[in-house]
Amino acid sequence: MSNGFLINHRQALSEGLRDGVPIGLGYFVVSFTLGIAAKHAGLTPFQGFITSFFNNASAGEYAAFTVIAADASYLEMALITLVANARYMLMSTVLSQKFSPDTPFYHRIFVGFDVTDEIFGITVARSGKLNPFYNYGAMLVALPGWSIGTALGIMAGNVLPASAVSALSVALYGMFLAIIIPPSKEDRNVAITVVAGFILSFIAAEFFSDISAGTRTIILTVLIAGAAAVIYPVKNKS
């Protein structure tokens, strides 16, 4: 292994660490509120840490904690997590095209282990072929921030009074509003889909309460996303 090869890896790792710092700090704050939801689901701080370490996904974890709290089946938990995290398979496919053809397969596996919206964003923005050590640098900051934040959120939920825990749990909904409002303002079709999701979720909860919350979420997600894809197809840009 040449010295230049090692220097390139060290530089990529350093740049990944640098770019991953703001991501890790943001993850810490968001996952703290996620830990409140995990506390409601009955998870211990250690269980929350492990869950967040191996499933670094806000929507997927929140969906999983919701079905856990509802005492849903393992099948429902697997399905809702798969649906909520499906976009990461597409992101991984895009990143795979940035690798050099001679990149070992295990690097592709390790990079795919922690593909998040933010890490994907900073990765695709880099020019040239993808050096996996850049992703490793970002992951070294992002994963601990997300996992430790979740564990501390559960610990805070065990110590703080019920009123404070209830107030903190609202912050998680604020995170989802921050996710859906900007694209809804920019795209009328997204706004219509979001509103339809709210309305149909309310109707389903009112008239199909005999169906578990996890199953309702899976059915609505597939139906609404499928209908939106048919009604509002994304046009290919030539």
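Numbering of the sequence shown is given in the working numbering, commencing with residue 1 and proceeding in unit increments. Built from N, CA and C at the ideal position, the CB exists for glycine as well. In this text, all values refer to a predicted model and were calculated from it rather than measured experimentally.
Backbone secondary structure at Phe-120 - three-state DSSP: helix
Three CB pairs or more closer than 8 Å across the segment 63 to 79 and the segment 92 to 101: no
Beta-carbon contacts of Phe-208 that lie in its chain and below 8 Å, excluding the five residues immediately before and after: Arg-216
Given Tyr-134 as reference, the closest of Ser-52, Val-111, Gly-145, Ser-147 once Cα atoms are compared: Val-111
Opening and closing residue of the alpha helix (DSSP H) in which Val-249 lies: Any property of residue 249 remains undetermined from this structure, which presents the chain solely from 1 to 238.
Spatial neighbours of Phe-99 in its chain, beta-carbon cut-off 6 Å, leaving aside the 5 residues before and after: So the qualifying residues of the chain are Leu-130.
Leu-83 classed as buried or exposed, judged by whether at least 16 other C-beta atoms fall within 10 angstroms: Note that residue 83 corresponds to Val in the displayed sequence, not to Leu. By the 10 Å Cβ count, Val-83 comes out buried.
Meets three-Cβ-pair contact criterion under 8 Å: the segment 190 to 201 and the segment 222 to 230: Using a Cβ-Cβ distance cut-off of 8 Å, the segment 190 to 201 and the segment 222 to 230 are in contact, since at least three pairs of beta carbons, one from each stretch, lie closer than that value.
Close beta carbons around Phe-53, own chain, < 7 Å, minus the five adjacent residues each side: Leu-143, Ser-147
Delimiting residues of the alpha helix (DSSP H) encompassing Leu-152: 132 to 159
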